[in-house]
Amino acid sequence: MEIIQRNILIIAVIILIAALLWAAYQYIKFYRTEHLVCPKCGYCWKPPVLKMILSVNAVEGKIIRCPKCGSKEYMEPEKDVK
Ligand SMILES: [Zn+2]
255 MEIIQRNILI
265 IAVIILIAAL
275 LWAAYQYIKF
285 YRTEHLVCPK
295 CGYCWKPPVL
305 KMILSVNAVE
315 GKIIRCPKCG
325 SKEYMEPEKD
335 VK
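Right under this line is the structure:
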């Protein structure tokens, strides 16, 4: 019984680490190749990491406040133009 509980704990830790790595990978990918576009004023920007983490996730994008027009909008990440 104790061994099973320990295994569950180890599996939980592995899942947690995998989830963190996945999240980190998503953020790195975003900052390297993507940006957010405000649907109201068209402003392109990369939000600070803290703002990204604390903002509400919605489908593919974020519900986040635009620094230019101050409007809280749903923004989808767009590919950077090279
Ligand atoms: Zn805006």
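Just add 254 to wherever you are in the sequence shown, counting from 1, and you've got this note's numbering.
Ideal Cβ placement from N, Cα and C applies to all residues, glycine included.
Paired residues, beta bridge with residue i - DSSP
i, result
"Tyr328", "Ile317"
"Val354", "Residue 354 falls outside the range modelled here, since the chain spans only 255 to 336, and no answer is possible."
"Cys298", "Val291"
Residue i in three-state terms, based on DSSP
i, result
"Val335", "coil"
Exposure of residue i, with buried meaning 16 or more beta-carbon neighbours within 10 Å
i, result
"Leu290", "buried"
"Ile318", "buried"
"Lys283", "exposed"
"Lys341", "Nothing can be reported for residue 341: it is not among the residues displayed for the chain, which extend from 255 to 336."
List in chain order the residues whose CB is within less than 6 Å of at least one heavy atom of ligand 1. Cys292, Lys294, Cys295, Tyr297, Cys320, Lys322, Cys323 and Ser325
Mind the definition here: the stretch 316-334 touches the stretch 293-303 only if three or more C-beta pairs lie below 8 Å; say whether that holds. yes
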